Amino acid sequence: LFSGAARRVGASRRKRRNPAKMPAVSKGDGMRGLAVFISDIRNCKSKEAEIKRINKELANIRSKFKGDKALDGYSKKKYVCKLLFIFLLGHDIDFGHMEAVNLLSSNKYTEKQIGYLFISVLVNSNSELIRLINNAIKNDLSSRNPTFMCLALHCIANVGSREMAEAFAGEIPRILVAGDTMDSVKQSAALCLLRLYKASPDLVLMGEWTSRVVHLLNDQHMGVVTAAISLITCLSQKNPDEFKTCVSLAVSRLSRIVSSASTDLQDYTYYFVPAPWLSCKLLRLLQCYPPPEDGAVKGRLVECLETILNKAQEPPKSKKVQHSNAKNAILFEAISLIIHYDSEPNLLVRACNQLGQFLQHRETNLRYLALESMCTLASSEFSHEAVKTHIETVINALKTERDVSVRQRAADLLYAMCDRSNAKQIVAEMLSYLETADYSIREEMVLKVAILAEKYAVDYSWYVDTILNLIRIAGDYVSEEVWYRVIQIVINRDDVQGYAAKTVFEALQAPACHENMVKVGGYILGEFGNLIAGDPRSSPLVQFNLLHSKFHLCSVPTRALLLSAYIKFINLFPETKATIQEVLRSDSQIRNSDVELQQRAVEYLKLSSIASTDVLATVLEEMPPFPERESSILAKLKKKKGPGVVPVSELEDGKREGGELNGGGDRGPDSSTPSPSADLLGLRSAAPVSAAAPSAGSLLVDVFSESGAGGPAAAVNDDGFLRFVCKNNGVLFENQLLQIGIKSEYRQNLGRMYLFYGNKTSVQFASFSTTVSYPGELQSHILTPLPPVEPLVEGGAQVQQVLNIECITDFSEAPQLNIKFRYGGALQNITLKLPVTINKFFQPTEMAATDFFQRWKQLSQPQQEAQKIFKANHGMDTEVLKAKLLGLGTALLENVDPNPENYVCAGVVQTKSQQVGVLLRLEPNAQAQMYRLTLRSSKDTVSKRLCDLLAEQF
Amino acid sequence: MIGGLFIYNHKGEVLISRVYRDDIGYVQWEGSIRSSSSYLSPPSPPRRNAVDAFRVNVIHARQQVRSPVTNIARTSFFHVKRSNIWLAAVTKQNVNAAMVFEFLYKMCDVMSAYFGKISEENIKNNFVLIYELLDEILDFGYPQNSETGALKTFITQQGIKGQTKEEQSQITSQVTGQIGWRREGIKYRRNELFLDVLESVNLLMSPQGQVLSAHVSGRVVMKSYLSGMPECKFGMNDKIVIDKAGKGGTTDEAVKSGKQSIAIDDCTFHQCVRLSKFDSERSISFIPPDGEYELMRYRTTKDIILPFRVIPLVREVGRTKLEVKVVIKSNFKPSLLAQKIEVRIPTPLNTSGVQVICMKGKAKYKASENAIVWKIKRMAGMKESQISAEIELLPTNDKKKWARPPISMNFEVPFAPSGLKVRYLKVFESKLNYSDHDVIKWVRYIGRSGIYETRC
């Protein structure tokens, strides 16, 4: 049509729009006027000339459209075509839409086609014409003329707007499954529906059509199956259960294709490979589901997969690249399915061997894909060993590949296949590669080396050597976490301290060493310099001079660290005191323009001159061991790579060794799923803190705070939870990112809780969601339906959520609130106990002394009473105690107990099923600072729970 | 200073490329800067030539580039366009943009003095000459003597007959001497002198006839065929000069010239004018170059005589019809004749048909320009003429209102709209024996329209 117009607008766009089966345009139908116009434009010498020509043409078309005599279909089509061409050249078109719509009702194919073309390119969805267009489309859909139906479907798919979906989402499934629909129309309908579903999923409801759509997999026509399978894959990702039946159908279809000879599927054989696209799509569909449970189906599928693997071994039927591409596409898809199932050791090993062959293939793309797939294979326990056999090839790839992306994959694979047996080799290789590695992957490589060295360290001297090497080779890329970790490990292990000090001392003697090295050196020598001081070559003064020679080359944080190291030296080696005091006293320290450095210099100087040796020794004592926990480096790597790529090496041995070394490495067998475990998250929420507090001087403390912030969520919240026993409003939780406030009110067995989530940062939280979970059988005792919250919380904004609570029976555990959101890419996960306790459902009961004691005696069975004697946690102030008891929800009964010091209360716990009367007696003993708390109620669990709760309050 | 000069045709192909300084040789192209913004990427980012940068970012830019100065990767491109030819001066330094443009215009003048119209064909045919000229008029990026007359003495289009050493040294001393624009020993049988006052008048008027802005930019162009080294003195009705004379006591002259003294806002002179004399006495005295040159340029904004008045009347009749009536009135002495009058009445973008009726001249709807063009060959002063048109419109989807661009006009009148008058031009030549009276002098005034628009 515009055969030459591709020069300016790109051919692909138009090609896609042309319906698959377009009747040949007869020669006489070619529009001469259009051709002349286009060639005129081509011949224009300048932009101005082109614009003039277009203006002239537009005026001509306007006068034609305005003209009194009606235009015939041919000229209408011609002018609409010209308008379209002008539009595609980049000019605005604001008329001619009506004429295009008129073309839709034409009976000629070419006219209709141009009409649809114009509409799908030019008509926007809010046009008034949309009603007319929809009408025309409706007519065509019901016309039973396959080409017209196809045109209409293509138009719907090309526009794909919400309005289109609203108008036709109900109609198209009917066309798709109707028995009398032509195959070509079915294909179009399936793809059209897919497009609408992707654009507005809420409008496309399959409902009763589901099973019939699934049965399209059985269709005779391969084209229909190919189109339908795209639709089914997309639909089943949203609601897998509804489309479960497709698995068996897909398997049988696949086995038919796989087992067919290349001549069976004539039209669908591509370079001797039967239906490669369909096979790939089938395999991909199967990856949406777990392995089939039905033994027969599974057997058949395994057979298929085996056949595919077998075929890969056969000599190629053609030398053409298309043949091998098609074959390998199926093979790789099959391998991903095998990996996805992760249950067939035999297949996994075979897949691995197949990939091993590809590792040495000529084609770079194949090598890349093989490395990538192998990375996932390495995580499977069945194939891990098989993957390990290729270590030499992979190392070779890392060294010799020309393409950086392939090298990156090779590095990933090395990391994934690493375990205790080959750690030394792999780490050594990675270290040597690091010297020449591309800048873009250096940081990641450094992290990987650091992690592997730590995880598989057998002896710590090797670990220390490796990390120091790492800092030497790629100091710029060594992040804070890496050297923090070295120090943590050195401090925690007595056996390496001496060796570390010696190695660091030697490393520092290099004329130029990286700042990170100075940091490690300063810290370690400050702590353990005494261990090597015996050697005259590393006498205290030599050590100090070595460190101080680096001082002036370092940045402020490092200098601060070095100053701390100096003061530690004074403690370790009194003989250096004079020298160091001299240094501290110099103007460049004590009058440093940096506040932190100045403060340190002044304080250390004073400390060293005033304090006695005993005091010094106490203040500057060796650092206590760090609490064992999971490596923060691992967390960093995960953050860097995102949850998609999981460090796969945490196999069982990783668990074992990690536990021994890191304390926190037990990530459980489900470690291959991307959901990060809880302790990791605690770490992550702590990570921004240390980053956000760059008061660089506090480096020494930083190492602590990093470790101290280990598990904030649970601990903090337990505290918060107890605070809420006697009050209803307040701040439940707060960390650096989020503040959660609570306001609640209770009446009888019902309660309402307002939760306020405040974003304390200036960055928005994405995919914010909250859920309530019930530990144990709590759900049967209490109901808390949770309305959804807005998924985005802007920086500084507050979101409110209302929680309605109904108490069904009494309960002891508290429901848990789980909050998930993304902050700057990292997933944050916070679990809190909601302060819903049984006492919230108290109704106060006023009663006289006689009534009280009468009931007290009635509840005299031993299981009805709960008693606790405990030490007072807070002061024994009468008013405070009274306020707390009232806050509890009971009635405080005055003048009941003969002893005025004692407090008695009465109340009824209201639940849906029953009411439980509760009597309480609190006897303070001011001398001993002790309380005795007695509770009696008609239900033993209630008295016990209340007793536990209250004991913490006083 | 100018780092290089390129001449492109309309397709962006380079016709002439002359680089004076190395710093512009390679310009990092915008695209490549974006891709290599990360310091981690390897150190050899793709580099593009400055020549390509200009073509990609200006000539072939997706959106038309309106600014004559474009900055690409810290390199400035100054361009002017002559028909389909782009001239671009490139520099990496912070140069005086006015100087660069002055040079580019001068360059255009020089080229058209050598081979006529600046077109792709002429440039291709004369590329050797152009390189020769570029070598002469720009030296390491500093503009040199660009006086056509002087250039023509040593850059010729014909072969040069073996010049004697003396002649060569004469050229050198002349070019580098104090009066570089005139050589000695010129002789004419008839001493003749032509003086043109060329003005273009610019106007923007509201529909009610209120002047929103108006100014005249004028040039005094001379063609002198005088023998020897004459000293000339040019006098005009400059307000300052006349007022000074008036104060001197002789009100006579002031009365004679009537109110006609004009206030010149600013002016620039040819290099031959002695500026010191102008500053002290406000008299314009000079030794003229031989042949044609532009003596001065000036601009006035006060008391402008507007030769034509346009009175538009636009009426929208419903959604599909528009009636336009335009009256033009000439506003000068009835004895004078204006020529080449053209009125351009814009039509809406959805015009589907036009009917025009006019008494005088010819009017036509030009669809390619979206305007009605009304042409009148001649029109005397104090006359009036009118056109009326009916425009049919096509209803469109857009609710956008028509922007109503202004009606513009072109004309040529035989007087200076600024009111400038040449009072005298005296020629003194002491060595040769001819006096002021022997010189034949011709004076001509031409007033043209610049941007002469009336809103409707």
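The listed protein sequences correspond, in order, to chains A and B.
Note that the first sequence covers residues 4 to 957 in the working numbering.
Note that the second sequence covers residues 109 to 564 in the working numbering.
Idealized CB from N, CA, C, for every residue including glycine.
Since this is a predicted model, take the numbers as computed values, not measurements.
Pair within 9 Å by beta-carbon distance, residue i and residue j
i	j	result
R825(A)	A869(A)	no
L501(B)	R427(B)	yes
V489(A)	E530(A)	no
K331(B)	G399(B)	yes
F302(B)	A196(B)	no
V499(A)	Y459(A)	no
I177(B)	A158(B)	Note on residue identity: the sequence assigns Val, not Ile, to residue 177(B). Contact: no.
S308(B)	R556(B)	yes
L891(A)	V792(A)	no
Simplified DSSP assignment, three categories, for residue i
i	result
M207(B)	helix
C291(A)	coil
L925(A)	strand
Q956(A)	coil
S146(A)	coil
R825(A)	strand
R423(B)	strand
Y429(B)	Correcting the residue identity first, residue 429(B) is Lys in this sequence and not Tyr. It is a strand residue.
R290(B)	coil
G645(A)	Low per-residue confidence applies at G645(A): pLDDT is 49, beneath 50, and the placement is therefore not dependable enough to give any value.
S863(A)	coil
A446(B)	strand
N234(B)	coil
E402(B)	strand
F171(A)	helix
M313(B)	strand
P26(A)	With a pLDDT of 42 at P26(A), under the threshold of 50, the modelled position of this residue cannot be trusted; read the value that follows with caution. Coil, per DSSP.
R177(A)	helix
Cα-Cα separation between residue i and residue j, rounded to whole angstroms
i	j	result
Y112(A)	N328(A)	38 Å
K485(B)	P415(B)	15 Å
Q318(B)	A168(A)	57 Å
S652(A)	L949(A)	Low confidence applies to S652(A): its pLDDT is 39, below 50, so where it sits in the model is not reliable, and the reading given next is rough at best. Straight-line Cα distance between these residues: approximately 48 Å.
P153(B)	D441(A)	Confidence at P153(B) is low in this model, with a pLDDT of 36, below 50, so its placement is unreliable and no value can be given for it.
K871(A)	L923(A)	12 Å
P315(B)	R512(B)	11 Å
L383(B)	Q368(B)	25 Å
S589(A)	Y480(A)	34 Å
T774(A)	L179(A)	40 Å
Closest Cα partner of residue i within the set the options
i	options	result
Y466(A)	A503(A), D497(A) and R445(A)	A503(A)
A381(A)	A419(A), D406(A), T561(A) and R353(A)	A419(A)
Q767(A)	G799(A), T272(A), E748(A) and T774(A)	G799(A)
S435(A)	L401(A), S263(A) and C158(A)	L401(A)
Y77(A)	K59(A), E102(A), L154(A) and I96(A)	E102(A)
I605(A)	Q592(A), T616(A), E484(A) and E457(A)	According to the sequence displayed, residue 605(A) carries Val and not Ile. Nearest of Q592(A), T616(A), E484(A) and E457(A) to V605(A), Cα basis: Q592(A).
Neighbouring residues, chain C, relative to residue i (Cβ below 7 Å)
i	result
S596(A)	This model lacks chain C altogether, as its protein chains are A and B.
Take every Cβ of the segment 924-932 of chain A, pair it with every Cβ of the segment 156-164 of chain B, and state whether three or more of those distances are shorter than 8 Å. no
Using 8 Å as the Cβ pair cut-off and three pairs as the minimum, do the segment 905-912 of chain A and the segment 861-868 of chain A touch? no
Quick one: any contact between the segment 827-846 of chain A and the segment 727-747 of chain A, if contact means 3 or more CB pairs under 8 Å? yes
Does the count of Cβ pairs from the segment 238-251 of chain A and the segment 290-305 of chain A closer than 8 Å reach three? yes
Please confirm if the segment 799-812 of chain A is in contact with the segment 878-889 of chain A, defined as three or more CB-CB distances below 8 Å between the two stretches. no
Inspect the CB distances between the segment 274-288 of chain B and the segment 518-533 of chain B and report whether three or more fall short of 8 Å. no
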